Each structure stands twice: as structure tokens, then as C-alpha cells.
Amino acid sequence: MIELGTDVNSFVAKIGHELISGDITTIQVNVGRKCDLSCNHCHLGCGPERKEMMTASVMETIINVVRYGYFQTVDITGGAPELNDNLPYFIRSLSPYDVNIILRTNLTALYSRPAVMDLLPDKKISIYASLHCYLESHVSGSTNNEVYGYSIKCLKQLNELGYGVDDELKLTLVYNPAGAALPGCQKELEEKYRRHFRLTNGIEFTNLIALNNLPVGNFRSNLLKDGVLEKYQKTLEDGYNPDTVENLMCRRQICVDWDGSLYDCDFNLAMGAQLDLPCPQHINAFRKPCLMWRRIVTGDYCFGCTAGAGSSCGGSICKG
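Numbering (my numbering), first residue to last: 666 to 985.
Pasting the structure below:
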């Protein structure tokens, strides 16, 4: 098998044509690789030792781009975004504009940054919170023994602020399978989480999304270590669902890395596969017309977004 990320032909051959973007409605911003956790499923290999961090100068360029009304959504991710000291400035600067702002959090980092937490409801920031199982034993096995406890404390604080309770304060839980398998039905997973949290902790949330793990970063390394990389890749390819292709996230978004470099998606970012030339390669050269109808860079790992019900930063692509 050709090493993942080097073969751009098998995916294109499977879908029958090159993948072309449409209008760009979302800008996803990776504000750094530093994280308080080192999770087995992290596709970016983030952790406490990472130093990469977006500067206020790069953020200012992004703010200027958003100011022109090019986007409906600004999706802030990391690493743990809360560990970037410039995050409050970034959120405050974006909030006057007519965009939906999403903050992706692992909950433990947010719990340790009360100043950030207190800022979020005032600015009506939507929260996407990673908690890949409602059972403590499963969460502890993927990170460390304290993660589950701090996650529950953070969810309770968010409920107290109105998240998951007030219709305007969206709290989305994010599920990733712990091993080399596709997630179950997103709707059924949400029902399990909701029933468990209401009974055990009195916690409420708005909805849950399920993500496929793509074979890159830490997850790929663990698949290799366990000797199941090729088997998992075959699972993804055999699970290809043509109904997912129209709504793949890469067709309607652009990703900005911590240094301002531009990518089609967070997984291409992880693989270091920048936009197809002659598209601009840096946010300083951003031109929306140059990014619409571009050829999207693909690799074998892209089957992770088209397998089963599909996967995007918003969860399953095919509902039901």
C-alpha cells in the first residue's frame, strides 16, 4: 500500500472526478498546537510541549478579512485555543461582525481559563466540546485519569452560564471513536449521552456530533503501532458513501494555520498539504475569488470524510 497522504489518485478515481470547491462560507482558524492534553486520536499531534502559537498580527489580518463579510462562520480550533493568550482579543475583535463564532475546546483547558469562559456567553460564542465517551473509564483510557472529572466540572459551569440551556448559547458535544472503527449512529449516540448525563450529573447540552477519525497524526501513529493501519484504511475505502461528496466541508471552507498558511481543511493542514497553486498560500494574500472553484488537494486519508455517514467539522454529513 502506498503511504497515506502521498496518493492523490485513488480518492479522485473513486469519486469519479476531481474535488472542486464552491462558495467559501467558513474560515477555520488554528490558533496553535499547544494543548494541555496529548490525545490518542489527535490528528495534529498537539500537546503541552508544542510551541507553535498564532500571533496577534496574524489574527489582525484574519479579522480584516472577516470584516469584509466574506464568511458566515469563524471556527476557532487548536491545540487548545484557550492556551493562546491572544484568544480573548481575537474573540472580542470578531464579535461585532455578522458571523457565527465557534470555539472548539477539550473542556479541561477551558476549565483552567475562567476569564475565557466568562467571555463566551456575552459574545454568544458557540462551543464545540470534545468528550469522546460519556463513560469515565473510556475517557480516562485515552488521555489521563483526571480528564473526565474536569470535563464534567466544566460542563456544569457552562450549564450555569446558560450553555445547553439557553437557545442562544449552543453547546455541542463532539464524539470521536477511541479505536480503529467508524462511529455509531450520531442520533443514537446523542440519545445515550443525553440520558446518561441527565441521570448522573444533571448536565444539558444542545446536540452531539460524531466524527470519523482520519489516519493522520497521533491516530495514524497508533494504528501503525498496533499493526492495523492498512486494515483501517480498507475500512474507510470500503465504507465510501458517494452521498457525502456534495457536502464535504473542504468544498465550502478555508483553513488558516497558526502562521497564516492556507489549507483546504484541517487534515490537509496536518499533512502539510497546502492549497493547490496558483491559489494564495498565506492569509496575507487572501483573495476570495481565487479560492472559489479551486481544485481541492486530496489523499487516501480523505476516505475518512466519505466513509459511512461521512464526517465533517459539523459531524455526520448524511443524516439519519
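Virtual Cβ for every residue (Gly too), placed ideally from N, Cα, C.
None of the values given here were measured: they were computed from a predicted structure.
- Task: Just confirm the distance between the C-beta atoms of L684 and T963, as a whole number of angstroms; I'd bet it's less than 8 Å.
- Result: 6 Å
- Message: Taking the straight line between their C-alpha atoms, what separation do you get for P931 and C920?
- Response: A small fix is needed here, since residue 931 is Asp in this sequence, not Pro. Looking at the backbone, the Cα of D931 and that of C920 are separated by about 6 Å.
- DSSP three-state assignment for K788, whether helix, strand or coil: coil
- Query: With distances taken from CA atoms, which of I792, V893, V781, L894 is nearest L752?
  - Reply: Of the listed residues, the one whose Cα sits closest to L752 is V781.
- Item | Residue environment, G687, which counts as buried when at least 16 other CB atoms sit within 10 Å | Taking a 10 Å sphere around the C-beta of G687, we find fewer than 16 other C-beta atoms and assign the residue as exposed.
- In three-state terms, what does DSSP make of H947? strand
- Item | beta strand (DSSP E) segments (min. 3 residues) lying fully within the stretch 682 to 707 | 691 to 695
- Ignoring anything shorter than 3 residues or poking outside the stretch 733 to 790, list the beta strand (DSSP E) runs there in chain order. 738 to 742, 765 to 770
- Cα-Cα separation, N824 to M719: 30 Å
- Message: Which of the three DSSP states is assigned to M936 in this structure?
- Response: Here M936 sits in helix by DSSP.
- Task: Use the C-beta contact count for D965: other C-beta atoms within 10 angstroms, 16 or more gives buried, fewer gives exposed.
- Result: buried
- Query: When the Cα atoms are used, what is the spatial distance from R885 to C944?
  - Reply: Answer to the nearest angstrom: the Cα atoms are 29 Å apart.
- Task: Would you mind sorting K899 into buried or exposed? The rule is 16 or more other CB atoms within 10 Å of its CB.
- Result: Note on K899: under 16 other CB atoms within 10 angstroms of its CB, so exposed under the neighbour-count rule.
- Whose C-alpha, out of S791, P907, Y776, L934, is nearest the C-alpha of V881? Among S791, P907, Y776, L934, the Cα nearest to that of V881 belongs to L934.
- Message: In whole angstroms, give me the CA-to-CA distance for S807 and P848.
- Response: Only weak support exists for where S807 lies, its pLDDT of 47 falling under 50; the coordinates are left without a value.
- List the endpoints of the continuous alpha helix (DSSP H) containing I919. Looking at the DSSP string, I919 is not in any alpha helix (DSSP H); the run it does join, the beta strand (DSSP E), is 918 to 921.
- Task: Helix, strand or coil for N887, going by three-state DSSP, please let me know.
- Result: It is helical.
- Query: How big is the Cα-Cα spacing for T837 and I874?
  - Reply: 7 Å
- Message: Counting beta carbon pairs with one atom in the stretch 964 to 981 and one in the stretch 772 to 781, are three or more of them shorter than 8 Å?
- Response: no
- Can you name, in chain order, every residue of its own chain whose Cβ lies under 7 Å from the Cβ of T738, other than the five neighbours on each side? T690, T691, V764, N765, I767
- Query: How many angstroms separate the CA atom of G892 from the CA atom of C700?
  - Reply: C-alpha of G892 to C-alpha of C700: approximately 27 Å in a straight line.
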